[in-house]
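*Asks:* Can you keep this structure in mind? I'll have questions shortly.
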Amino acid sequence: MATRIRLQRRGKKNQPFYHVVIADGRAPRDGRFIEDLGTYNPLTNPATLNINFDRALYWLEAGAAPSDTARAILKREGVYLMKHLRGGIAKGALTEAQAQQKFEAWKQEKNSKLSNVVREEADKARNIKKERLAAETKVKEAMSAKIAARNAEIAAAAAKAAEEAAEAAAAEAAANAEEAPAAEEAAPAEA
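Under my numbering, think of the first position of the sequence shown as 17, with each following residue one higher.
Shown next, in the form of structure tokens:
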């Protein structure tokens, strides 16, 4: 039986989520499997991997052939590096302590790179948020300036209308004042 390490698709449409499984090479993609090694979520940045390292190493050493994507995932997790180091131990080129030390150094370097990626993504998101806030503030200030200009125009128009009304009332009062003495003078002459 030819065993394969491959991905089994789960999740919704346009939201893939995979299980890394050991399956018979003749079994369908989402069909029967021998063992579930872990999960892979490509939608997060960086992609989330939860792999049972020891079982993946066991199956790789037992001769299970990984698919291309599974091979990339196992390399990223360091399973292939550990297989290589164990081969060096078997040949006598390395000791167990040296192999473990090399693997730990590689793992620390990988973790620091991943943490840098996460930090850069967080910084990028923070910068985008700041830029959006600055653009929003500019738009808000422009709208406030337009509203203030419109309010000033309305106030000036209202003041002008009030001034014209006051002038009209004064002119009418003056006209009434001139008519009243003329009417009084005309009234005694008739009497």
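Just so you know, even glycine gets a beta-carbon here, dropped at the ideal spot from N, CA and C.
Return the CA-CA distance between E260 and A185, expressed in angstroms with no decimal places.
*Replies:* The structure shown has nothing for residue 260, since the chain only spans 17 to 207.
*Asks:* Do you know how far the Cα of R45 is from the Cα of P58?
*Replies:* Residue numbering aside, residue 58 sits at position 42 when the sequence shown is read from its first letter. Residue numbering aside, residue 45 sits at position 29 when the sequence shown is read from its first letter. Taking the straight line joining both Cα atoms gives about 18 angstroms.
*Asks:* Taking 8 angstroms as the threshold, find out whether the segment 93 to 102 comes into contact with the segment 70 to 84 through three or more Cβ pairs.
*Replies:* Enough Cβ pairs lie closer than 8 angstroms, so yes.
*Asks:* Can you tell me the Cα-Cα spacing of F119 and N127, whole angstroms?
*Replies:* As a first step, residue 119 must be located in the sequence shown, where it is residue number 103. As a first step, residue 127 must be located in the sequence shown, where it is residue number 111. Cα-Cα distance, rounded: 12 angstroms.
*Asks:* If I38 sits next to E51, beta carbons under 8 angstroms apart, how far is it from one beta carbon to the other, in whole angstroms?
*Replies:* Numbered from its first residue, the sequence shown carries residue 38 at position 22. Numbered from its first residue, the sequence shown carries residue 51 at position 35. Confirmed, about 4 angstroms.
*Asks:* Helix, strand or coil, according to DSSP, for L97 in the structure here?
*Replies:* In the sequence shown, counting from the first residue as 1, residue 97 sits at position 81. Of the three classes helix, strand and coil, the one that applies to L97 here is helix, per DSSP.
*Asks:* For the alpha helix (DSSP H) that contains D70, what are its first and last residues?
*Replies:* Position 54 of the sequence shown holds residue 70. Taken as a continuous stretch (DSSP letters only), the alpha helix (DSSP H) holding D70 covers F69 to A78.
*Asks:* When you compare each of T55, P82 and T60 to A226 by their alpha carbons, which one comes out closest?
*Replies:* What the structure shows of the chain is the stretch from 17 to 207, and residue 226 is not part of that stretch, so it cannot be assessed.
*Asks:* Report the three-state DSSP secondary structure of F119 (helix, strand or coil).
*Replies:* Start at 1 with the first residue of the sequence shown, and residue 119 comes out as number 103. Helix.
*Asks:* For a minimum of 3 consecutive residues, which ranges assigned as the beta strand (DSSP E) are wholly contained in the segment 24 to 58?
*Replies:* You should have 31 to 40 and 51 to 57.
*Asks:* Contact check, K99 vs L76 under 8 angstroms by CB: the rounded distance?
*Replies:* Within the sequence shown, numbered from 1, the residue matching residue 99 stands at position 83. Within the sequence shown, numbered from 1, the residue matching residue 76 stands at position 60. Sure, about 6 angstroms apart at Cβ, within 8 angstroms.
*Asks:* In its own chain, which residues sit with a C-beta less than 8 angstroms from the C-beta of G43, not counting the 5 before and 5 after it?
*Replies:* Here the question's residue 43 lines up with position 27 in the sequence shown. For the sequence presented, residue 43 should be read as Ala rather than Gly. Only F49 meet the Cβ criterion.
*Asks:* Go ahead and pull the three-state DSSP assignment for N66.
*Replies:* Taking the sequence shown and counting its residues from 1, the one referred to as residue 66 is at position 50. Strand, per DSSP.
*Asks:* Does the Cβ-Cβ distance between T64 and L23 come in under 8 angstroms?
*Replies:* The residue given as residue 64 occupies position 48 in the sequence shown. The residue given as residue 23 occupies position 7 in the sequence shown. Taking 8 angstroms as the Cβ cut-off, T64 and L23 do not qualify as a contacting pair.
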